Amino acid sequence: MTERKTKRSLLRVLRTGDPQSFFHHFTAKEILEKLGPPRQLLSTSTKTDKSRKVGVLSKILYLTSGVFCPSATQSCLKVCLGHSSGRMTMLQSANARDRRSALYLEDQEHFMHLLRADLYYLRAEAKALGLVPAVRLNGTSDIPWERLHGELFTEFNDIQFYDYTKLRPRMWHFLRGRLVDQPFPPNYHLTFSLSEKNNSDAEALLEAGGNVAVVFWPVVPDCWNGYHVIPADKHDARFLDKTGCVVGLSAKGIAREDLSGFVVRTADASARLNVLNAA
């Protein structure tokens, strides 16, 4: 009996801001040997659960934050919700993200098999509940799925995929509806993410009708830089948002202390932070 050859990812492993990640010290192969492979890939969050209110059953793929994020800034890596807020801070959650990431890097065929199984299950579950199935493949990553795994969007054309991205070319491809040599998947929606270093890109994308996610603290305003702000903490189904708007997110966890410009601080931010520090 011949041994099955594994197909490794061609993506380069980057840095991570997760202090508990094994990727600081071990290779993907070593991580799989220590932790073992995952049994499933997609999960939920408090925010995705809120999407049921708008008729959407949403799941997210959480990988190790930063490892697949080529445009992440140092501030983004430091305050990423993928390791700094809620259940994501738990060691068990960090290990789960490492398992998934290591499997994607070491055995892509097995990874995609698990992902397809999860997508089939999501499709059936959503149908039983009378909801629209939706998936964020980049919960804590920025992989160009439309280019590397474009067959997914055709195979699961009844599932709405959506993501945030800091990669400017991806966002322009989405807005223009076309990759270099083929159409952009019609069931894949992207929202651009503002950082302290991409303000000009964000402005150009807004003018072109794209949506830009901005993290605010302590208050999400109704309007920012002349653009209407959508209160994005109400649910996670970003593909339902009006176009040409700012997607307003509230800073959570250690992001509330960010002073780099990654988090946009509204007028009473300093006073609010002083109150929190005094508590």
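Numbering (full-length UniProt numbering), first residue to last: 1 to 279. From the three backbone atoms N, C-alpha and C, an ideal C-beta is built for every residue, glycine too. Every value quoted in this text rests on a predicted model; they were computed, and no experiment measured them.
Of the other Cβ atoms in all chains shown, 16 or more fall within 10 Å of the Cβ of His235; this residue is therefore buried. Put simply, of Ser93, Leu57, Gln40 the residue whose alpha carbon is nearest the alpha carbon of Ser65 is Ser93. Restricted to the segment 191-275, the beta strand (DSSP E) segments that are unbroken, complete and at least 3 residues in length are 212-217, 227-231, 246-250, 263-265, listed in chain order. Rounded to whole angstroms, the separation of the alpha carbons of Arg265 and Val229 is 15 Å.
Every alpha helix (DSSP H) of 4 residues or more that sits fully in the segment 71-135 is shown, in chain order, as 74-79, 81-84, 91-106, 108-129. DSSP places His189 in the strand class (E or B) of the three-state scheme. Of the candidates Phe161, Val56, Thr27, the residue whose Cα lies closest to the Cα of Leu105 is Thr27.
The continuous alpha helix (DSSP H) containing Asp49 extends over residues 46-50. For Val135 and Leu190, the gap between their C-alpha atoms comes out near 12 Å.
When C-beta atoms of the segment 190-209 are compared with those of the segment 16-24, fewer than three pairs fall below 8 Å, so the two segments do not count as touching. Secondary structure at Pro169: helix, using DSSP grouped into helix, strand and coil.
Contact between Ser101 and Val67 is confirmed by a C-beta separation of about 5 Å, below the 8 Å threshold. With respect to the C-alpha of Ala117, the residue from Cys76, Leu42, Tyr227, Val220 having the closest C-alpha is Leu42. The shortest C-alpha to C-alpha distance from Arg147 to any of Arg15, Pro183, Leu14, Ala72 is the one to Pro183. Sequence-distant partners of Arg178 (beyond 5 residues in either direction) whose C-beta falls short of 7 Å from its own C-beta, in its chain, are Phe184. In the structure shown, the three-state DSSP call for Val67 is coil. Inclusion of Asn187 and Ile159 in the CB contact set at 8 Å is warranted, their separation being smaller than that value.
Boundaries of the beta strand (DSSP E) harbouring Ile60: 56-61, taken from the DSSP string. Apart from the 5 residues on each side of it in sequence, Gly261 sits with its Cβ closer than 6 Å to the Cβ of Glu196 in its chain, given in chain order. With respect to the 8 Å criterion, Val212 and Val247 are classified as neighbours on the basis of their beta carbons.
Closest in alpha carbon position to Cys245, among Ala202, Asn157, Asp258, Gly17, is Ala202. Boundaries of the alpha helix (DSSP H) harbouring Leu35: 28-35, taken from the DSSP string.
By the neighbour-count definition (other C-beta atoms within 10 Å, threshold 16), Gly17 is a buried residue.
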